[in-house]
Amino acid sequence: MDSSFTPIEQMLKFRASRHEDFPYQEILLTRLCMHMQGKLLENRNKMLKAQGINETLFMALITLESQENHSIQPSERSLALIHIL
Numbered sequence: 738m739d740s741s742f743t744p745i746e747q748m749l750k751f752r753a754s755r756h757e758d759f760p761y762q763e764i765l766l767t768r769l770c771m772h773m774q775g776k777l778l779e780n781r782n783k784m785l786k787a788q789g790i791n792e793t794l795f796m797a798l799i800t801l802e803s804q805e806n807h808s809i810q811p812s813e814r815s816l817a818l819i820h821i822l
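This is how it looks when you write it as structure tokens:
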């Protein structure tokens, strides 16, 4: 069974076969990382959606949870999110 990455891999192999100086491994690894990042985000978003929340709300909840008294001023939350990201 082909993976969703197979078409990209095939295109890169074709390019490498036509140009011997083509940095196949470096580009393949970069594209694979980008591909996996997209899949990870897709899966995380499905999980969050099943809980009825989105990324913004999730980050706000994590920020609140990380505070000792579980409360934070809006301006402090903005600063905290900058440090998390």
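Numbering follows this note's numbering, in which position 7 of the sequence shown is assigned residue number 744; successive positions increment by one, without gaps.
Cβ atoms here follow ideal geometry from the backbone N, Cα and C, with glycine treated the same way.
How big is the Cα-Cα spacing for residue i and residue j?
i: residue 768; j: residue 740; result: 14 Å
i: residue 743; j: residue 750; result: 10 Å
i: residue 800; j: residue 790; result: 15 Å
i: residue 811; j: residue 747; result: 49 Å
i: residue 745; j: residue 772; result: 10 Å
i: residue 805; j: residue 788; result: 24 Å
i: residue 775; j: residue 807; result: 32 Å
Hey, residue i and residue j are a contact pair by Cβ (cut 8 Å); roughly how many whole angstroms apart?
i: residue 785; j: residue 792; result: 7 Å
Once you ignore the five residues that flank residue i on each side, which residues in its own chain have a CB closer than 8 Å to its CB?
i: residue 764; result: 749
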